[in-house]
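Notes for the one structure printed next.
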């Protein structure tokens, strides 16, 4: 497989403490054909100073107000020119320095996926994802079970990536993943940990709102009975997971 250009898109707002983690993981890649794009939501801290200090790594950046994270992601997608796109938000990291090289040593595919590791703001390793592990094979139909593949560990050809639906505030990534996967004919399991995800707490209000939103999204793509069944099983799994990990992740 030839060396395709990969556009890595980072969305940030007031991320002076965590953005360097993301930039460093990109700067240390052994793979050369990287277009690195940062979309900043008009930060009021020294985020722009961080970008300026790393301008040799950053291919393009935009700093202006936006309508939220998904609007910012759409802006990044609009100016990306790579063969593939990969969304890594501020604080997220590529797992190792040879990750991209390993991905593109594989047979060409419309999209690639892998596992994700969890880290905190001190870059302490919190282990890999345990509630869901990547399936051996993956299609849009697997999304009825939620984000079985982490958004941060999904790489797709740019021509198949759709825009995020800004009607959704919390879980537009679920809708985006389903629509994008529907465009893909070949989806490769890298069997690698592709990224490190910066874990942060979120409120009960957001959990409830995001669950409602996700239900609405899944209902748009799947049969009602299947959605109800999957939500019942997921709720049971989440309660078990939360009780066993709340001290670790919250």
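Numbering (this note's numbering), first residue to last: 8 to 257. Cβ coordinates follow ideal geometry from the N, Cα and C atoms, glycine included.
Exercise. Can you tell me where the beta strand (DSSP E) with residue 42 in it begins and where it stops?
Worked result: Translated into positions along the chain shown, residue 42 becomes position 35. First-last of the beta strand (DSSP E) with residue 42: 41–47.
Exercise. Are there three or more Cβ pairs, one per stretch, closer than 8 Å when the segment 80–89 is compared with the segment 185–201?
Worked result: no
For this session: State yes or no: is the C-beta of residue 15 within less than 8 Å of the C-beta of residue 41?
Result: On the chain shown, residue 15 is found 8 positions in, with the first residue counted as 1. On the chain shown, residue 41 is found 34 positions in, with the first residue counted as 1. Their beta carbons are under 8 Å apart, which means residue 15 touches residue 41 by this criterion.
Problem set entry | Cβ pair residue 142, residue 122 closer than 8 Å | Along the chain shown, read from residue 1 onward, the residue named residue 142 stands at position 135. Along the chain shown, read from residue 1 onward, the residue named residue 122 stands at position 115. In this structure, residue 122 does not lie closer than 8 Å to residue 142 by Cβ.
Problem set entry | Whole-Å CB distance - residue 184 paired with residue 204, under 8 Å assumed | Residue numbering aside, residue 184 sits at position 177 when the chain shown is read from its first letter. Residue numbering aside, residue 204 sits at position 197 when the chain shown is read from its first letter. At roughly 15 Å, the Cβ-Cβ gap does not stay under 8 Å, so residue 184 and residue 204 are not in contact.
Exercise. Counting along the chain, where does the alpha helix (DSSP H) carrying residue 183 start and finish?
Worked result: Position 176 of the chain shown, counted from the start, is the residue given in the question as residue 183. First-last of the alpha helix (DSSP H) with residue 183: 179–190.
Exercise. Is DSSP giving residue 172 helix, strand or coil here?
Worked result: Numbered from its first residue, the chain shown carries residue 172 at position 165. Note: residue 172 maps to coil in three-state DSSP.
Problem set entry | 8 Å contact criterion, which residue 49 and residue 71 should meet: CB distance rounded | As a working mapping, residue 49 is identified with position 42 in the chain shown. As a working mapping, residue 71 is identified with position 64 in the chain shown. Sure, about 6 Å apart at Cβ, within 8 Å.
Exercise. For residue 19, which residues does DSSP report across the bridge?
Worked result: Locating residue 19 in the chain shown gives position 12, where the first residue counts as 1. Answer is 47.
Exercise. Of the residues 79, 166 and 153, which one's Cα is nearest the Cα of residue 68?
Worked result: Start at 1 with the first residue of the chain shown, and residue 68 comes out as number 61. With distances taken between Cα atoms, residue 68 lies closest to 79.
For this session: May I ask you to report which of helix, strand or coil DSSP gives residue 202?
Result: Here residue 202 is taken as the residue at index 195 of the chain shown, counted from 1. The answer is strand: DSSP assigns residue 202 an E or B state.
Exercise. What residue from 100, 107 and 94 has the CA that sits closest to residue 165's CA?
Worked result: Stepping through the chain shown from its first residue, residue 165 is reached at position 158. For the residues 100, 107 and 94, the minimum Cα distance to residue 165 belongs to 94.
For this session: On the DSSP bridge assignment, give the partners of residue 94 in chain order.
Result: Along the chain shown, read from residue 1 onward, the residue named residue 94 stands at position 87. BP columns for residue 94 point to 16.
Exercise. By DSSP, does residue 99 sit in helix, in strand, or in coil?
Worked result: To locate residue 99, count along the chain shown from 1; it is residue 92. Reduced to three states, the DSSP call for residue 99 is coil.
For this session: Taking only the alpha-carbon atoms, compute the straight-line gap between residue 218 and residue 115 and give it to the nearest angstrom.
Result: Translated into the one-based positions of the chain shown, residue 218 becomes position 211. Translated into the one-based positions of the chain shown, residue 115 becomes position 108. If you take the alpha carbons of residue 218 and residue 115, they lie about 35 Å apart.
For this session: Could you name the residues of the same chain whose beta carbon sits closer than 7 Å to that of residue 229, not counting the 5 residues immediately before and after it, in chain order?
Result: Indexing the chain shown from 1 puts residue 229 at position 222. Cβ neighbours of residue 229 beyond the five flanking positions: 151.
Problem set entry | Presumed contact (8 Å Cβ cut-off) between residue 120 and residue 145, rounded CB distance | Walking along the chain shown from the start, residue 120 turns up at place 113. Walking along the chain shown from the start, residue 145 turns up at place 138. At roughly 6 Å, the Cβ-Cβ gap stays under 8 Å, so residue 120 and residue 145 are in contact.
For this session: Starting from the C-beta of residue 221, find all residues in its chain whose C-beta is less than 6 Å away, skip the five residues before and the five after it, and write them out in chain order.
Result: For the purposes of this step, residue 221 is taken as residue 214 along the chain shown, with counting starting at 1. If we look at residue 221 and ignore the five residues flanking it on each side, its Cβ neighbours are 178 and 181.
Exercise. Excluding the five sequence neighbours on either side, which residues of its own chain have a C-beta within less than 7 Å of the C-beta of residue 108, listed in chain order?
Worked result: As a first step, residue 108 must be located in the chain shown, where it is residue number 101. Hits under 7 Å: 37 and 38.
For this session: Would you give the residue range spanned by the beta strand (DSSP E) that residue 164 belongs to?
Result: As a first step, residue 164 must be located in the chain shown, where it is residue number 157. Per DSSP, residue 164 belongs to the beta strand (DSSP E) from 161–164.
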